[in-house]
Amino acid sequence: MKKTFRVFACLLSLVLLSGCVTSLVEAKAKVAEYYENGSYERDVAQKLKEAEKLLPRRGAYNTIGSAVVFDIDDTALSTYEYQKGMGFGHYGVAWHQWLEMKRGKAIKPVLDFYNLARERGLTVFFVSGRREKFRRVTEENLRAVGFDGWKALYMKPDDFKSKSVVELKMAHRIAIEKQGYKIVMNIGDQPSDLEGGHAKHTVLLPNLIYGVR
Ligand SMILES: [Mg+2]
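Counting from 1, position 109 in the sequence shown corresponds to residue 108 in numbering that gives the first Met the number 0; the numbering is continuous, with no gaps.
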């Protein structure tokens with residue numbers, strides 16, 4: 000009886016498990032659908048609609064000297080073309096070639112939010128995990144799709160070796176504060192963009208494709 004129960008329990012858990020597990024092919028198709036049917040952009044817009052309420056109004060006492068920090072990849076610029084082209088995998092050489100091609104598209108709700116922040120008199124900064132050697136192509140890509148008028152772009156040193164960007168991105172925000180700015184909002188698609196404080200509010204945008212420590 001005990002054995003029968005064990006076999007039954009085993010079979011039941013297998014049935015439940017097979018009901019839960021999705022094949023990699025199916026999972027990738029679902030992710031592609033999310034990004035391509037408008038759901039992704041709708042979710043980004045929804046997050047920023049909430050964030051808009053936290054931005055100082057134009058002319059408010061706290062707009063002067065206030066800053067908003069944006070990450071770049073999959074925050075300001077979409078890398079979806081690269082991700083899908085790689086079958087949602089990653090290969091350093093291909094990634095670098097893609098960056099050189101300056102093909103990142105503006106994520107529309109983020110560009111709208113960026114322009115709103117500037118209209119309200121806030122200073123905007125980029126803090127990116129891209130390496131310094133991609134500075135020229137990154138700046139050209141940003142400007143070509145409408146991100147212009149930022150105060151400074153902070154990047155990863157070419158010889159950066161740490162496994163995590165948290166400390167580096169925090170150090171860049173501290174450098175912004177040392178110039179006399181108060182960071183009212185830090186916007187990124189990875190928790191590692193936002194960890195470490197030095198921003199009054201943080202906004203985490205959706206990213207179903209990859210994670211960066
Ligand atoms: Mg990013």
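Note that the Cβ used here is the ideal one computed from N, Cα and C, for glycine as well.
* Asked: In this structure, does DSSP put Lys162 in helix, strand or coil?
  -> coil
* Asked: Is it right to say Thr21 is buried, meaning 16 or more other beta carbons lie within 10 angstroms of its own, or is it exposed?
  -> exposed
* Asked: Once you ignore the five residues that flank His200 on each side, which residues in its own chain have a CB closer than 6 Å to its CB?
  -> Leu53 and Met184
* To do: Can you tell me which of His95, Val92, Gln96 and Lys107 puts its alpha carbon nearest to the alpha carbon of Ala44?
  => Lys107
* Can you tell me which of the three DSSP states Tyr90 falls into? => coil
* Residues in its own chain within less than 7 Å of Ile208 by CB, not counting five upstream and five downstream? -> Val30, Gln82 and Phe87
* Please find out if some non-hydrogen atom of ligand 1 comes closer than 7 Å to the beta-carbon of Thr137. => no
* Might you give, ordered along the chain, the residues of its own chain that have their beta carbon closer than 7 Å to the beta carbon of Leu193, omitting 5 neighbours on each side? => Asn185, Gly187, Thr201 and Leu203
* Close beta carbons around Arg119, own chain, < 7 Å, minus the five adjacent residues each side -> Leu54, Pro55, Arg56, Arg57 and Thr62
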